[in-house]
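Student:
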Amino acid sequence: TQHVFDALRAGASGYLLKKHLSTTLFESIDEVLNGGAPMSPTIAFMVIAAMQKPAVNPYNLTTRENEILTSLSRGNSYKLMAAEFAITVDTVRAHIKKIYEKLHVHSQTEAVSKAIKERLV
């Protein structure tokens with residue numbers, strides 16, 4: 009997640025994920041040439057979500073815990089999260105356990121529900 013924001017802050021005109029390149033590459037190039045900022049839907053969601061997040065972190069979640077919670081809210085599996093963040097599945101589990109403790113919840117459903125309701129993601 010952070011590398012996306014770093015790229016945009018560094019002056020990138022947009023951000024496309026590899027899985028969307030085959031269908032949108034040429035249209036995206038045209039969009040950039042016309043002053044647009046093309047983004048894959050997932051990236052656009054992340055940008056919007058980051059802008060809508062409250063400045064306060066009432067549960068003292070770490071940056072990584074916030075990333076894991078966001079990924080969890082998208083329905084990603086532990087294995088996918090491990091690959092996305094270059095960590096082990098056991099580390100994902102440890103982060104999720106800490107998230108549950110900090111949010112005072114006992115399940116993924118409760119965590120995601122609370123995160124959405126309180127605009128943490």
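Every number in the working numbering is 8 more than the matching position in the sequence shown, counting from 1. A virtual CB, placed ideally from N, CA and C, is assigned to each residue, including glycine. On a predicted model such as this, the values are computed, not experimentally measured, just so you know.
How many whole angstroms separate the CB atoms of Met59 and Val12, which I take to be in contact at a CB cut-off of 8 Å?
Tutor: 13 Å between Cβ atoms; not a contact.
Student: With distance defined between alpha-carbon atoms, name the residue in Thr71, Thr70, Thr50 nearest to Gly83.
Tutor: Closest option to Gly83, Cα to Cα, is Thr50.
Student: So, does the region 101–114 touch the region 69–84, judging by three or more C-beta pairs under 8 Å?
Tutor: Judged by Cβ distances under 8 Å, the region 101–114 makes contact with the region 69–84, as three or more pairs qualify.
Student: What's the C-alpha gap between Ser115 and Ala90?
Tutor: Taking the straight line joining both Cα atoms gives about 19 Å.
Student: With DSSP collapsed to three states, give me the class of Tyr67.
Tutor: If DSSP states are grouped into helix, strand and coil, Tyr67 belongs with coil.
Student: So who's on the other strand from Tyr23, going by DSSP bridges?
Tutor: For Tyr23, which the question treats as bridged, DSSP gives the partners Met47.
Student: Tell me which residues share the same chain as Glu35 and place their Cβ nearer than 8 Å to its Cβ, disregarding the 5 neighbours each side in the sequence.
Tutor: For Glu35, where only same-chain residues beyond five positions count, the Cβ hits under 8 Å are Pro46.
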